[in-house]
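Colleague: Protein sequence lines correspond, in order, to chains E and S.
Heads up: the first sequence at position 67 corresponds to 67 in this note's numbering, and the numbers run straight through without jumps.
Heads up: the second sequence at position 87 corresponds to 87 in this note's numbering, and the numbers run straight through without jumps.
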Amino acid sequence: NAGVTQTPKFRILKIGQSMTLQCTQDMNHNYMYWYRQDPGMGLKLIYYSVGAGITDKGEVPNGYNVSRSTTEDFPLRLELAAPSQTSVYFCASSYSDVGAFFGQGTRLTVV
Amino acid sequence: GDSVTQMEGPVTLSEEAFLTINCTYTATGYPSLFWYVQYPGEGLQLLLKATKADDKGSNKGFEATYRKETTSFHLEKGSVQVSDSAVYFCALSEEGNKLVFGAGTILRVKS
Numbered sequence: 001n002a003g004v005t006q007t008p009k010f011r012i013l014k015i016g017q018s019m020t021l022q023c024t025q026d027m028n029h030n031y032m033y034w035y036r037q038d039p040g041m042g043l044k045l046i047y048y049s050v051g052a053g054i055t056d057k058g059e060v061p062n063g064y065n066v067s068r069s070t071t072e073d074f075p076l077r078l079e080l081a082a083p084s085q086t087s088v089y090f091c092a093s094s095y096s097d098v099g100a101f102f103g104q105g106t107r108l109t110v111v
Numbered sequence: 001g002d003s004v005t006q007m008e009g010p011v012t013l014s015e016e017a018f019l020t021i022n023c024t025y026t027a028t029g030y031p032s033l034f035w036y037v038q039y040p041g042e043g044l045q046l047l048l049k050a051t052k053a054d055d056k057g058s059n060k061g062f063e064a065t066y067r068k069e070t071t072s073f074h075l076e077k078g079s080v081q082v083s084d085s086a087v088y089f090c091a092l093s094e095e096g097n098k099l100v101f102g103a104g105t106i107l108r109v110k111s
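1. Could you list which residues in chain E have their beta carbon closer than 9 Å to that of S/G104, in chain order?
2. If you measure beta-carbon to beta-carbon, which residues of the region 43-63 of chain S are closer than 8 Å to chain E?
3. Ends of the beta strand (DSSP E) at E/Q104?
4. Go ahead and pull the three-state DSSP assignment for S/D55.
5. Which whole-angstrom value describes the C-beta separation of E/M19 and E/Q25, a residue pair presumed to lie in contact below a C-beta threshold of 8 Å?
6. Using a Cβ cut-off of 7 Å, pull out every chain E residue sitting near S/F101, in sequence order please.
7. Hey, is the region 27-42 of chain E in contact with the region 91-108 of chain E, meaning 3+ C-beta pairs nearer than 8 Å?
8. According to DSSP, which residues form a beta bridge with E/S49?
9. What residue does the beta strand (DSSP E) around S/A64 start on, and which one ends it?
10. List the residues of chain E whose Cβ lies closer than 9 Å to the Cβ of S/F89, in chain order.
11. So E/F10 contacts chain S; which residues on that side make the cut at Cβ distance below 7 Å?
12. Flag E/S93 as yes if its beta-carbon sits less than 8 Å from any beta-carbon of chain S, otherwise no.
13. Per DSSP, what kind of secondary structure is S/D2 in: helix, strand or coil?
14. Hey, could you find the ends of the beta strand (DSSP E) S/Y25 is sitting in?
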């Protein structure tokens, strides 16, 4: 049982480039989330989804886009990368009220 | 909106000392409450949870009680080990199962 899998683990982007952070879960969870974690800070919600075809903005959605075409996958798209998007990104999934399962994270640096 | 406040760290303890990490929350409804732990370079792992008032969550010697009257969910452990060194996050889940996190508390345990 792989749980929540994120790729890539590390990435360096140049300002203005675009990329997609991949997230997939094999637990058939309805809910999926993208968080970012800045150094010394807590987690801020970027986007979330309550099921396939349904997405909604979190606390810090600007500069990002998501899609949820299947229950398993929830990719996060960065368009026109900026230094302010340097962070560690975590994908998570949950079902009902059991708490969320997190991926290992993607460490992104924008230079 | 809902929010979570944790005591600031870092908290530095000697091995076998008693641990308390304070957590209070603000919520309009009756959220579920969680403690997550993050070891260096890893994602967050669910440590324990409580879904209603007076529930006690426990795991690996850690415990926390959902106190509705004081809107608190303090984390405790009777005897910490060096391997408990990590960042601990208090969180609540509001409508739609969105998790709202505190800023995290760094725990350092010295041998």
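Beta carbons are placed, not taken as given, at the ideal position from N, Cα and C, and that holds for glycine.
Modeller: According to the structure shown:
1. Within the second sequence, the letter at position 104 stands for residue 104 of chain S. Those are Q37, G40, M41, G42 and L43, listed as they occur along chain E.
2. G43, L44, Q45, L46, K49 and T51
3. Within the first sequence, numbered from 1, the residue matching residue 104 of chain E stands at position 104. No beta strand (DSSP E) holds E/Q104; DSSP gives it neither H nor E.
4. As a working note, residue 55 of chain S is residue 55 in the second sequence. In this structure, S/D55 counts as coil in the three-state DSSP scheme.
5. Numbered from 1 along the first sequence, position 19 holds the residue referred to as residue 19 of chain E. Numbered from 1 along the first sequence, position 25 holds the residue referred to as residue 25 of chain E. So it is not a contact: roughly 20 Å between Cβ atoms.
6. Reading the second sequence from its first residue, position 101 is the one you call residue 101 of chain S. By Cβ distance, chain E contributes G42 and L43.
7. yes
8. By 1-based counting over the first sequence, the position of residue 49 of chain E is 49. E/M32.
9. As a first step, residue 64 of chain S is located in the second sequence; it is residue number 64 there, counting from the start. Per DSSP, S/A64 belongs to the beta strand (DSSP E) from F62 to T65.
10. As a position in the second sequence, residue 89 of chain S is number 89, starting the count at 1. Near S/F89 (Cβ distances below 9 Å), the residues of chain E are G42 and L43.
11. As a position in the first sequence, residue 10 of chain E is number 10, starting the count at 1. Chain S residues near E/F10: none, gap ~11 Å exceeds 7 Å.
12. Counting from one through the first sequence, the residue named residue 93 of chain E turns up at place 93. Judged by the 8 Å Cβ criterion, E/S93 is not in contact with chain S.
13. Taking the second sequence and counting its residues from 1, the one referred to as residue 2 of chain S is at position 2. In the structure shown, S/D2 sits in coil (DSSP, three-state: anything other than H, G, I, E or B).
14. By one-based count along the second sequence, residue 25 of chain S stands at place 25. Its beta strand (DSSP E) spans residues C23 to T26.
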